[in-house]
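Heads up, the thing below is written out as structure tokens.
Residue numbers (this note's numbering), protein chains in the order written: chain A, 106 to 377; chain B, 89 to 462.
Have a look at this one:
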């Protein structure tokens, strides 16, 4: 059925080359022994060593992770609540308006989000630092969480919740004991999405940050303006590795669960 | 020893478990339940039967507490249910989709309601084991719902809803997802369990055979109203309307004008055809519109003119449906009416006397059919 064709092969090669050549070059040069980024002078891992000793980068990494964990956790809680109300709340007045407003920040230019948040923080006299970045990241990532969770809730069999109520749960218990465990995969992937978004955000973070808090993307961006250093390449390679491992693990877990489910169902049919 | 017939609805001293009093339920402009009043008694197996959209599921969901009546009141054991949320009602429901919790094992699914009551561990374990035995699921206690078959899932759902020993169990199309053979076995199992536990069952179904098999009384519904409530035999043999007669089983309907004659009523239905003679308790005025309903198995078919039959008509065989145990003949009358007549195939491989296009006689007694006003 699938025959080799030169057209397909070329299209595939071109596409993947377009996607991955920049990253491959970056990874290769992170192992360059030379201090000059564009001249190859043999294999070396010295820049990784330098990176670990660089206090500034480590600080920035720590700030980034703190911001990402806090903002994605708050965004997950708020986003899940918003999704639950929008999907389950029935037809209250202005429901369409609300769901539209939840998704609007998805298409809002980051510059505008960043600027408006900056104006807000100045307006209420909030000192800019880790807290303001966390708030800003929560603001834009909660709508992503809400999208992911509500798409799961739409296909969620409502009678499961009714069964929980019927068996004596209060509405909150029904959510905690039945709904949440079942939609947990969607909530977790929402959290991961929010975490990733926070990790690589540059624009909004640079609007809302203060002198005390520099995130990794801001640090990299300002360092690159003074010239690309092999250290930056090394740092970027590590980030690529982390993201790759994360994505592969997540997809393996999903696939395994699906395979197990299919096997169990076959078994159930045979023993019926 | 004479066995008393279970008929609490005929006993004026019996207090009903469930009372619907002038209940109306509207969803926007749509009236799902229209001014409905009905009593259901303890230990009854009450079936709500009707086409989809007739309001039977809404009635059940109001009993469970998932919907509240727009007007009127519902009482369970004398208590007004208006302000009582689903989790505070001694009512459990078996859902059409079974609604088993996919993240919990069979054991934990059954224990779910008991744990909410805050019973101690041993009491819960003992009750779950009892339910597992009752539904023959002990082997599968540790499995997850997707690791068992459809029939087993159905039994888990039943066990879970019975575990809390509710006063009232609601079953929403409980057997819809099972194949025919399994469905029939399960119907008897349900009746068995209902008798053993002494629970009042209210079942919603669109399958008339299912309702007839399991129920002590059947309520036939249409457009938010109950058309008739009676035992399965009464519903079948003495329907109160053309709608009920037509909904339950197969029926021939002949419409005409009434002509009372003595203790009989004669239906004049077509020029040049002999009038149909029937008996009825209801009074009909001369010339009133009347519908004569007769079940196919009460219509005899023969090649020769039958002697001493109250009603006999001549026609031609149009179609024969052979179902193994019975055969149904479709007989076309000269007026264009098609009458169905059924005979049991009691003898194996008997030579079929009647075939297509044969001129035949159909006949029935004067008590075989019912006369209906509407």
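All C-beta atoms, glycine included, are put in the ideal place defined by N, C-alpha and C.
Please tell me whether residue i and residue j are closer than 8 Å, where the distance is taken between their beta carbons.
i                     : j                     : result
residue 235 (chain B) : residue 372 (chain A) : yes
residue 257 (chain B) : residue 180 (chain B) : yes
residue 195 (chain B) : residue 245 (chain B) : no
residue 146 (chain B) : residue 103 (chain B) : no
residue 248 (chain B) : residue 197 (chain B) : yes
residue 137 (chain B) : residue 319 (chain B) : no
residue 163 (chain B) : residue 126 (chain B) : no
residue 116 (chain A) : residue 299 (chain A) : no
residue 185 (chain A) : residue 292 (chain A) : yes
residue 192 (chain A) : residue 258 (chain A) : yes
residue 82 (chain B)  : residue 388 (chain B) : Residue 82 (chain B) lies beyond the stretch modelled for chain B, which goes from 89 to 462, so this question has no answer here.
residue 149 (chain B) : residue 188 (chain B) : no
residue 121 (chain B) : residue 290 (chain B) : no
residue 338 (chain B) : residue 428 (chain B) : yes
residue 308 (chain B) : residue 330 (chain B) : no
residue 96 (chain B)  : residue 182 (chain B) : no
residue 393 (chain B) : residue 444 (chain B) : no
residue 355 (chain B) : residue 378 (chain B) : yes
residue 145 (chain A) : residue 335 (chain A) : no
By Cβ distance below 6 Å, which residues in the same chain neighbour residue i in space, the five residues on each side in sequence not counted?
i                     : result
residue 341 (chain A) : 131
residue 323 (chain B) : 306 and 336
residue 90 (chain B)  : For residue 90 (chain B), the pLDDT reaches just 49, beneath the cut-off of 50, and the residue's location in the model is therefore unreliable, although a value from the coordinates is still provided. The answer is none, since no qualifying residue turns up.
residue 217 (chain A) : none
residue 123 (chain B) : 110 and 112
residue 199 (chain B) : 212 and 216
Going along the chain, which residues of its own chain have a beta-carbon closer than 8 Å to the beta-carbon of residue i, five neighbours each way excluded?
i                     : result
residue 232 (chain A) : 315
residue 220 (chain A) : 312
residue 157 (chain A) : 163
residue 105 (chain B) : 128, 129, 130, 132, 164, 165, 255, 256 and 288
residue 314 (chain B) : 124, 126, 307 and 308
residue 224 (chain B) : 243
Going by beta carbon distance, what residues of the same chain come within less than 7 Å of residue i, once the five residues before and after it are set aside?
i                     : result
residue 318 (chain A) : 168, 234, 235 and 238
residue 64 (chain B)  : Missing from the structure shown is residue 64 (chain B); chain B here goes from 89 to 462 and no further.
residue 172 (chain A) : 235, 238, 239, 242, 303 and 320
residue 226 (chain B) : 220
residue 177 (chain A) : 246, 296, 299, 300 and 303
residue 94 (chain B)  : 304
residue 166 (chain A) : 321
residue 188 (chain A) : 251, 254, 255 and 258
residue 260 (chain B) : 145, 148, 181, 182, 183, 184 and 292
Tell me whether residue i counts as near the ligand MG, meaning its Cβ is closer than 7 Å to at least one heavy atom of that ligand.
i                     : result
residue 377 (chain B) : The ligand MG is absent from the structure shown, which contains no ligands of any kind.
Looking at C-beta atoms only, is the number of pairs between the stretch 107–121 of chain B and the stretch 267–281 of chain B that lie closer than 8 Å three or more?
-> no
Taking only runs that begin and end inside the stretch 114–200 of chain A, name each unbroken alpha helix (DSSP H) of 4 or more residues, in chain order.
-> 151–158 and 160–193
Would you be able to state if there are at least three C-beta pairs under 8 Å between the stretch 205–212 of chain A and the stretch 260–277 of chain A?
-> no
Got a sec: which bits of the stretch 273–294 of chain A sit with their beta carbon under 9 Å from any beta carbon on chain B, in order along the chain?
-> 273, 274, 275, 276, 278, 279, 282, 283, 286, 287 and 289
Inter-stretch contact (C-beta, 8 Å, three-pair minimum) for the stretch 346–353 of chain B and the stretch 288–299 of chain B = no
Report the residue ranges of all alpha helix (DSSP H) runs contained in full by the stretch 267–315 of chain A; include only those spanning at least 4 residues, in chain order.
-> 276–279, 285–305 and 308–313
Just by C-beta distance, which residues in the stretch 253–268 of chain A are closer than 7 Å to chain B?
-> 262, 264, 265, 267 and 268
For the stretch 139–158 of chain A, enumerate the residues whose C-beta is nearer than 7 Å to any C-beta of chain B, in chain order.
-> none
Would you be able to state if there are at least three C-beta pairs under 8 Å between the stretch 297–306 of chain A and the stretch 242–259 of chain A?
-> yes
Taking contact to mean at least 3 C-beta pairs separated by less than 8 Å, is the stretch 349–368 of chain B in contact with the stretch 399–408 of chain B?
-> yes
Could you name each continuous beta strand (DSSP E) segment of 3 residues or more that falls completely within the stretch 254–326 of chain B, going from the start of the chain to the end?
-> 256–260, 288–293, 305–310 and 313–318
Which residue spans inside the stretch 172–205 of chain B form an unbroken beta strand (DSSP E) run of at least 3?
-> 179–182
Contact between the stretch 412–428 of chain B and the stretch 453–461 of chain B: three or more CB pairs below 8 Å?
-> no
Taking Cβ-Cβ distances below 7 Å as the criterion, which residues of the stretch 175–197 of chain B are in contact with chain A?
-> 175, 180, 181, 183, 185, 187, 189, 190 and 191
Under 8 Å (Cβ pairs) to chain A, residues found in the stretch 193–222 of chain B = 200, 201, 204 and 205
Closer than 8 Å, Cβ to Cβ, to anything on chain B: give me those residues from the stretch 333–367 of chain A, in chain order.
-> 366
Chain A contacts made by the stretch 139–157 of chain B, where a contact means CB separation under 9 Å = 149, 152, 153 and 154
Taking a cut of 8 Å between CB atoms, which residues from the stretch 232–245 of chain B lie near chain A?
-> 232, 234, 235, 236, 237, 238, 239 and 240
Inside the stretch 201–254 of chain B only - alpha helix (DSSP H) runs reaching at least 4 residues | 209–222 and 238–250
Unbroken beta strand (DSSP E) runs of length 3 or more, entirely within the stretch 374–449 of chain B: which are they?
-> 377–382, 388–390, 399–410, 414–420 and 426–432
Residues in the stretch 300–320 of chain A with C-beta within 8 Å of chain B's C-beta atoms, listed in sequence order?
-> none
Between the stretch 186–205 of chain A and chain B, which residues of the former have a C-beta closer than 7 Å to a C-beta of the latter?
-> none
Take every Cβ of the stretch 282–289 of chain A, pair it with every Cβ of the stretch 327–337 of chain A, and state whether three or more of those distances are shorter than 8 Å.
-> no
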